[in-house]
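Asks: Attaching a single structure in structure tokens format; questions to follow.
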Amino acid sequence: MPTTPNVSHDEIARFGKLAARWWDPDGESRPLHDLNPLRAAYVAARVDLRGAKVADVGCGGGLLSEALAQAGAHVTGIDLGEKVIEIARLHLHESDLRVDYRVQSSAELARSEAASFDAVCCMELVEHVPDPAALVNDLAAMLKPGGRLFMSTINRTPAAFGAAIVGAEYVMRMLPRGTHHYAQFLKPSELGRLLRHAGLELEDVSGVVYNPLNRKAWLSSITAVNYLAHASKPA
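Residues in the sequence shown are numbered consecutively from 15, following this note's numbering.
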């Protein structure tokens, strides 16, 4: 496994346990399945994916990577979890799509393919790494001038603690306990600061509302729990 200081091996092991059922819409990855169409649509509304070169950083088992490939993008999906990358590669035999999946860190991809991507996606990863600023710098380095960055994460609010940790992990048990750590959540202002320090311009922050009972998700002006962010690299 490639090594990098900006990784939690406990996190890799935790998500590795979910690998076998990653593509089961009723399994432990159920929230990812429910949120994936909204995330893919958010990206597609802001960048022409047909023929675009796109990196999906922290791709897991490939839900978003395949959606982007289905929309016509040339996708490179990276993750440091060997088990989830194995599942992602196996699923391509079922979907008949093309995605270049790699066990690779963001730092390694930023070095080897600097300024190469039209768009970079990084969903639900920044709150799982020891150094969020280093991750955002890597993402910025991957982008071509004029490229677009898309991120999703969780706000650090009492509402998020109740929904993402107490509700999702302990009450409804949609996620394994210990999946999230409240202190690692980022406020939109904090993520915006990281983006600006990396030389990016914040274009949009949209809240994401998710109802686990009917499995519907939609964009909102309310960012108290989950939110999506879109930034661009100046041309």
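Virtual Cβ for every residue (Gly too), placed ideally from N, Cα, C.
None of the values given here were measured: they were computed from a predicted structure.
Within 10 angstroms of the Cβ of residue 151, are there 16 or more other Cβ atoms? Answer buried if so, exposed if not.
Replies: It is buried - the Cβ of residue 151 has at least 16 other Cβ atoms within 10 Å.
Asks: Would you kindly work out how many angstroms separate the C-alpha atoms of residue 39 and residue 48, rounded to a whole number?
Replies: Cα-Cα distance, rounded: 8 Å.
Asks: So does the stretch 60-68 actually touch the stretch 92-104, counting three or more Cβ pairs closer than 8 Å?
Replies: The stretch 60-68, when compared against the stretch 92-104, does not touch it at the 8 Å Cβ threshold.
Asks: Could you tell me if residue 169 is buried or exposed, where buried requires 16 or more neighbouring beta carbons within 10 angstroms of its beta carbon?
Replies: By the neighbour-count rule (16 or more Cβ atoms within 10 Å), residue 169 is buried.
Asks: What is the rounded straight-line gap between the Cα of residue 148 and the Cα of residue 222?
Replies: Residue 148 and residue 222: Cα-Cα distance of roughly 25 Å.
Asks: In the DSSP assignment, what are the bridge partners of residue 215?
Replies: DSSP output for residue 215 lists 246 as bridge partner(s).
Asks: Is it true that the stretch 127-136 meets the stretch 109-118, where meeting means three or more beta-carbon pairs spaced less than 8 Å apart?
Replies: Counting Cβ pairs under 8 Å, fewer than three are found: no touch.
Asks: Could you name the residues that DSSP lists as bridge partners for residue 114?
Replies: BP columns for residue 114 point to 90.
Asks: Could you pull the DSSP bridge partners for residue 234 from this structure?
Replies: Residue 234 pairs with 221.
Asks: For residue 59 and residue 41, I'd like the C-alpha separation in whole angstroms.
Replies: Going by the C-alpha atoms only, they are around 29 Å apart.
Asks: Identify which residue in 45, 249, 81, 138 has its Cα closest to the Cα of residue 228.
Replies: The shortest Cα separation from residue 228 among 45, 249, 81, 138 belongs to 45.
Asks: Is residue 243 buried or exposed, if buried means 16 or more other CB atoms sit within 10 Å of its CB?
Replies: Buried is the call here.
Asks: Measuring CB to CB, does residue 120 end up less than 9 Å from residue 75?
Replies: Cβ atoms of residue 120 and residue 75: not closer than 9 Å.
Asks: Less than 9 Å between the C-beta atoms of residue 220 and residue 233, yes or no?
Replies: Going by C-beta atoms, residue 220 is nearer than 9 Å to residue 233.
Asks: Decide if residue 173 is buried, meaning its Cβ has at least 16 other Cβ atoms within 10 Å, or exposed.
Replies: The residue in question, residue 173, is exposed, as its Cβ has fewer than 16 Cβ neighbours within 10 Å.
Asks: Per DSSP, what are the beta-bridge partners of residue 68 in this structure?
Replies: Paired residues: 89, 133.
Asks: Just checking my contact of residue 315 with residue 134 at CB under 8 Å: how many whole Å lie between their CB atoms?
Replies: The shown model of the chain, from 15 to 249, leaves out residue 315, and the question about it has no answer.
Asks: On the DSSP letters alone, give me the boundaries of the alpha helix (DSSP H) that residue 79 sits inside.
Replies: Counting along the chain, the alpha helix (DSSP H) containing residue 79 begins and ends at 77-84.
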